[in-house]
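Scroll down for the structure; my scribbles are underneath it.
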Amino acid sequence: MVCQDLTIMGSRTGIEDLLVYPTTCYYYFWAVMLFTLFIVLAFILYNREREESTQADLISSMGVSSTAILVLAVIGSLITSTNGLPMIQRDILLTVVAIWIVISAIWFFKK
Amino acid sequence: MNLFGNWLFLGLFVSAGLALIVVIQLDNTATQPISEDELFSAASGNISSSLSSLEDTSGVQYDQFTGEQPKAGFGSIVLFGIVSAGKTFGTVILGTFTTIIKLPLAVLGLPQTLISVLITWTIISLIIFTWLLYKLGG
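Residue numbers (the working numbering), protein chains in the order written: chain A, 1 to 111; chain B, 112 to 249.
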């Protein structure tokens with residue numbers, strides 16, 4: 001899992017290559033990052049809602065943050081390295097979409 | 112009606128989200144567009160066709176309902192058109208549910224028992240919904 005050598009990126013390494021680089025040594029790197037961001041964002045929104053009103057809803061916070069994570073994943077799928085590898089691969093984006101659908105369905109029926 | 116409204120808006124929300132992903136990826140020439148995935152295109156196509164057929168279905172049911180001659184029953188007015196509308200919208204709800212759950216079922220590998228429980232709950236809710244319409248109509 002540890003990245004062995006950063007020199008494989010070549011001398012003309014851009015920001016896109018640096019963003020894609022972790023996925024070359026650990027395929028699910030950005031999937032884990034997105035999941036962590038989702039949990040953090042959901043709990044930040046939940047705690048903020050709890051401070052402002054007495055009736056905080058965790059599912060609605062998760063629904064909002066899952067939509068934000070979906071947008072981030074779509075943006076990530078557009079960032080491509082010089083060798084044509086995207087930052088977020090298609091199967092990971094598909095998983096994000098599937099989780100977003102499940103959370104949205106629960107969110108809509110909870111209301 | 113609450114159940115039907117929830118399904119309708121969920122279908123619209125999911126359909127809009129999937130369309131947004133496809134448009135953004137196509138406009139920015141993504142290297143791995145999600146629209147090329149068979150499962151995704153089948154799911155998004157089914158949701159779109161299910162929602163677009165609602166207009167025709169609603170129109171037919173409205174014509175049937177307005178064209179019906181009310182019959183006086185014991186303390187009520189008998190209207191069978193409302194039962195037909197309930198049956199049709201029940202089919203739409205079940206169709207939307209099946210297409211929406213198809214993608215997470217295949218991608219996340221959700222257990223079949225969970226899906227069976229959800230489908231059973233939806234069908235029973237639809238039966239009660241149709242029966243309530245029949246009771247109020249008849």
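Here a beta-carbon is modelled for each residue, glycine too, at the ideal position from N, C-alpha and C. These numbers were taken from a predicted model, which means no experiment stands behind them.
Presumed contact (8 Å Cβ cut-off) between B/Pro144 and A/Ala98, rounded CB distance: Wrong, their Cβ atoms sit about 17 Å apart, outside the cutoff.
Indicate the three-state DSSP secondary structure (helix, strand or coil) for B/Ile211 in the structure shown. helix
How many whole angstroms separate the CB atoms of B/Phe124 and B/Ile204, which I take to be in contact at a CB cut-off of 8 Å? Actually they do not touch by this definition, with Cβ atoms about 15 Å apart.
Assign A/Pro22 to one of three DSSP states: helix, strand, or coil. helix
From which residue to which residue does the alpha helix (DSSP H) around A/Glu51 run? Phe29 to Glu52
With a threshold of 7 Å between beta-carbons, can A/Leu93 be considered close to chain B, or not? yes
To which residues does DSSP link A/Thr80 through a beta bridge? A/Pro86
Beta-carbon separation of A/Val74 and B/Ile135 under 7 Å? yes
Chain-ordered residues of the region 140 to 159 of chain B with a beta carbon less than 7 Å from chain A: Ala141, Thr142, Gln143, Ile145, Asp148 and Phe151
Do you know offhand how far A/Leu70's Cα is from A/Val102's? 13 Å
Touching by the beta-carbon criterion (3+ pairs, under 8 Å), the region 50 to 61 of chain A and the region 26 to 36 of chain A: no
Just the chain A side, please: which residues come within less than 7 Å of B/Val125 by C-beta, in chain order? Ile101 and Ser104
Coarse secondary structure for A/Gly63, derived from DSSP in three states: helix
By the criterion of Cβ-Cβ separation under 9 Å, what are the contact partners of A/Gln89 in chain B? Gln143
7 Å Cβ shell around A/Tyr129 - same chain, five flanking residues per side excluded: Because residue 129 of chain A is not part of the residues shown, which for chain A are 1 to 111, the question remains open.
Can you list the residues of chain B that A/Phe108 reaches, using a CB-CB cut of under 9 Å? Asn117, Trp118, Phe120, Leu121 and Phe124
Below 7 Å between beta carbons: does that hold for B/Thr142 and A/Pro22? no
Mind checking whether A/Val20 and A/Ser77 have CB atoms under 7 Å apart? no
Just the chain A side, please: which residues come within less than 7 Å of B/Pro215 by C-beta, in chain order? Ala98, Ile101 and Val102
Distance between A/Phe108 and A/Thr54 (C-alpha atoms, nearest Å): 21 Å
With respect to 6 Å, is the separation between the Cβ of A/Ser81 and the closest non-hydrogen atom of the ligand NAD below this value? Of the ligands one can find in the structure shown there are none, so the ligand NAD has no counterpart to examine.
Are there 16 or more other CB atoms within 10 angstroms of the CB of B/Phe120, so buried, or fewer, so exposed? exposed
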